[in-house]
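Visitor: Under the numbering used here, the residues of the sequence shown are numbered 329 to 397, in order. Glycine included, C-beta positions come from ideal geometry on N, C-alpha and C. Below are the structure tokens for one structure; questions will follow.
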Amino acid sequence: MDNWRKSSHSGEGDGNECVEIATTPTHIAVRDSKTPARATLTFPAGVFKPFLSALTGHSTVTDFAKLRG
């Protein structure tokens with residue numbers, strides 16, 4: 329995937345510490361912007377919304393890293 333984008337909420341200060349996503353018609357991939365060459369999480373498109381719901385209350389890259397192990 330080569331169409332990675334950051335959240336519109338990423339700004340100065342923490343703009344380099346956010347989660348990026350890339351989409352295709354069938355999948356959505358997620359990666360840590362600090363380490364883009366490392367592994368990504370890839371979801372079938374219909375599973376991504378429940379994943380986001382599970383992240384409620386986890387707003388930092390550190391929290392995200394804890395969730396992905």
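Put A367 into one of helix, strand or coil per three-state DSSP.
Guide: A367 falls in the coil class under three-state DSSP.
Visitor: Suppose you measure from the CA of W332 to the CA of E348; what does that come to, to the nearest Å?
Guide: So the alpha carbons of these two residues sit roughly 6 Å apart.
Visitor: Just the C-alpha distance for D330 and L383, rounded to the nearest angstrom, thanks.
Guide: Using only the alpha carbons, I get a separation of about 24 Å.
Visitor: According to DSSP, is K377 helix, strand or coil?
Guide: Looking at K377 - three-state DSSP - the assignment turns out to be helix.
Visitor: In whole angstroms, give me the CA-to-CA distance for C346 and T363.
Guide: If I take the Cα positions, the gap works out to 10 Å.
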